[in-house]
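Data block below; observations after.
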Amino acid sequence: MHSSPRTASDRCSINSDFQPPVAQAGATKDLTRSRFEVWCCYASAISRAADRRVVGPFHGPTQVIPSVNRWHTHLRYQMNKTLDPLTRREAIRRTALLAAVAAFGSRLAVASGAESPGAFALPPLGYAFDALEPYIDAQTMQIHHDKHHAAYVANLNKALTEAPSLSGKPLESILRDLDAVPEPIRTAVRNNGGGHANHSFFWPQLKRNQGHGPSGELARAIDSRFGDFAGFQRQFTEAATKQFGSGWAWLTISADKQLAIESTPNQDTPLSKGRTPLFGIDVWEHAYYLKYQNRRPEYIAAFYNVVDWGVVADRFQKAAG
Ligand SMILES: [Fe+2]
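All letters in the sequence shown, in the order written, are residues 20 to 340 by our numbering.
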């Protein structure tokens, strides 16, 4: 049976809610998959490079930047609109132009904080929504980042309008000392500040890893504490599986450099217990239900394929060094 040609938006799902007017323009008539994917890679790489220069693990008042997804959308629109007549020389010229635009946009937003109505801002995901397929699906990533995480940021900013004493204070400091938060907004800050911190911590540690586990000093520390990596996985999986209801499982390190596996309910963070997270899995249903429904153990098993152990190792070095 003959299948109809796919559109450009079918071929690259960086942002699945974007519907460029390619059909009217006829721009995809002779579009080849390879050329389009090269453009997708250019766009993703440009956006990530621009944003990595300014993004920290937690986004405070001096680290406000725009969502990289706005840039993905803009870049992809340009790709779809103009790809058909594209020559190699023109592709290089346009890539350089887009890189400059993306970099300028990031610097501008850092300076102005124009993207956020409050002190904190939604950080960019940093990669395409479908980058973790097939282990975590693109729609889940989009809703998780653009809706759930964004809601935590908005609600945190709203709560903090009632606490001028916390203005300018880093989020990590707030969460490490929740007793200092005024009682009327303490629960809101605990839940939404925790949600913002946990998700800001979550996105950068994710990358398809082709089955690779930790290495170097982190691997030796895990082996020393849990017997071997398989032993760590068994204990971590158990903690994530048994977390009742919504919450997180963590690999943490204490002030005296001891690794531990623990879980927290809701959006509570190990920071509030004086421990430093190195790696965490979100076991709220919003993190997996579209693909795995009630099969949380399948999601947890798949999750080991998308851990960027290099990021975890950097966190370990910083905390243990
Ligand atoms: Fe989540």
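Just so you know, even glycine gets a beta-carbon here, dropped at the ideal spot from N, CA and C.
Please read all numbers here as calculations on a predicted model, not as lab measurements.
According to the DSSP secondary-structure assignment, Ile319 is paired through a beta bridge with no residue.
In this structure, the beta-carbon distance from Gln286 to Asn228 does not fall below 8 Å. A Cβ-Cβ separation of about 6 Å places Leu141 in contact with His168 under the 8 Å criterion. Taking C-alpha positions only, Leu144 is separated from Tyr311 by approximately 22 Å. Of the candidates Lys261, His163, Phe263 and Tyr308, the residue whose Cα lies closest to the Cα of Phe148 is His163.
In this chain, the alpha helix (DSSP H) harbouring Gly213 covers Gly213 to Phe221. Taking 8 Å as the cut-off, the beta carbon of Arg294 is found closer than this to the beta carbon of Ser273.
CA-to-CA, the gap between Trp269 and Asn174 works out to about 24 Å.
The beta-carbon distance between Pro233 and Ala332, rounded to whole angstroms, is 6 Å. This is short enough to meet the 8 Å contact definition.
Beyond the five residues adjoining it in sequence on each side, His231 comes within less than 8 Å, by CB distance, of Trp328 in the same chain, given in chain order.
Within the same chain, Pro223 and Gln224 come within 6 Å of Val330 by CB-CB distance, once the 5 residues on both sides are set aside. Its chain contains Gly299 and Asp301 as the residues whose beta carbon lies nearer than 7 Å to that of Phe221, once the 5 sequence neighbours on both sides are disregarded; these appear in chain order. The C-beta of Pro183 has fewer than 16 other C-beta atoms within 10 Å across all chains shown, which makes the residue exposed. Taken atom to atom, the span from the alpha-carbon of Gln161 to that of Thr283 is near 24 Å.
The Cβ atoms of Ala258 and Ile280 lie closer than 8 Å to each other.
Shortest Cα-Cα distance from Lys337 to any of Glu304, Tyr318, Ala321 and Thr271 involves Thr271. Residue Gln252 holds the alpha-carbon nearest to the alpha-carbon of Ile319 among Leu190, Gln252 and Arg205. Ala306 has its CB nearer than 7 Å to a heavy atom of ligand 1. Look at the region 238–312 and you find these whole runs of alpha helix (DSSP H), each 4 residues long or longer: 248–261 and 308–311. The beta carbon of Tyr171 sits closer than 6 Å to the beta carbons of Asn211, Gly214 and His215 from its chain, once the five residues preceding and following it are set aside; these are given in chain order. Per DSSP, reduced to three states, the secondary structure at Leu144 is coil, with no helix or strand assignment. For Ser192, the uninterrupted alpha helix (DSSP H) segment begins and ends at Leu190 to Arg195. Boundaries cannot be given for Phe139, as no alpha helix (DSSP H) includes it and DSSP labels it neither H nor E.
In the DSSP annotation of this structure, the continuous segment of the alpha helix (DSSP H) that includes Lys177 starts and ends at Ala169 to Leu179. Short note on Asp333: C-beta not closer than 7 Å to any heavy atom of ligand 1.
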